[in-house]
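Down below is the structure, laid out as structure tokens.
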Amino acid sequence: MKSICVFCGSSMGNRPSYAYAAASLGRELALLKIDLIYGGSNIGTMRVLADACLATGGNVTGIMPHLLANREILHQSLTKVITCNTMAERKEWMGKLADAFIVLPGGVGTLDELFEAFTWLQLDVYEKPIGLLNVEGFFDDLLRFLDRATHDGFIRREHRQNLIVDDDPGRLIERLHNETLVKPHSKWVDELIDDTNNKLSSQ
């Protein structure tokens, strides 16, 4: 595994543990010689993550739309910077360059990136693992929602199993490297069509 894209916040959050986790992950990536790919910002836990990786000798690529770069929030000390036109292009670059994804606590933008990557995995756009660094149980409620959506038939169990959750950065990276993605059989879309037709015809 040569590179990992990390999704995290443009805010620091209200708990010191969020910044601590971001810094720990940044250092761990550098020590393991894994390149960090992230959103390119110099604010929030995004900055903490990048600073820690750079200070430990790691390589950091930031990807940022012109709209945000022009607001002077682009980190000025990165190994490499890629600017693009839109938020959608930013995520496309992240998907192409990363071998895996890690999600830290964050807000709406972080969740958008998580679910984009999760959808890529579901649709076989990329076969790249996704890990949630569950700092102080931050993602517990989200995981309960995903379990409910799986139980109620909106997410396939095979897809749900592909989200790897851990509260330790080093262990999460190791699991991303070692665990095998669970793939549904090739007819799963046909099953959705049949299920829709059967349930509509029985109404």
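Start counting the sequence shown at 55; every next residue gets the next number (this note's numbering). Cβ atoms here follow ideal geometry from the backbone N, Cα and C, with glycine treated the same way. This structure is a prediction, so every number in the text was calculated from the model and none was measured.
- In terms of CA proximity to residue 165, 200 leads the group 135, 200, 69 and 139.
- Where residue 104 is concerned, the enclosing alpha helix (DSSP H) starts and stops at 98 to 109.
- Only exposed fits residue 205, as fewer than 16 other CB atoms lie within 10 angstroms of its CB.
- For residue 92, the uninterrupted beta strand (DSSP E) segment begins and ends at 89 to 92.
- Using a C-beta cut-off of 8 Å, the stretch 91 to 98 makes no contact with the stretch 181 to 196, since fewer than three inter-stretch Cβ pairs fall below that distance.
- Going by DSSP, residue 171 is part of the alpha helix (DSSP H) stretching over 162 to 176.
- The Cβ-Cβ distance between residue 230 and residue 55 falls below 8 Å.
- Residue 219 is bridged by DSSP to 186.
- Counting every other CB atom within 10 Å of its CB across the protein chains shown gives residue 211 a total below 16, marking it as exposed.
- According to the DSSP assignment, residue 73 belongs to the alpha helix (DSSP H) that extends over 70 to 85.
- Rounded to whole angstroms, the separation of the alpha carbons of residue 147 and residue 99 is 21 Å.
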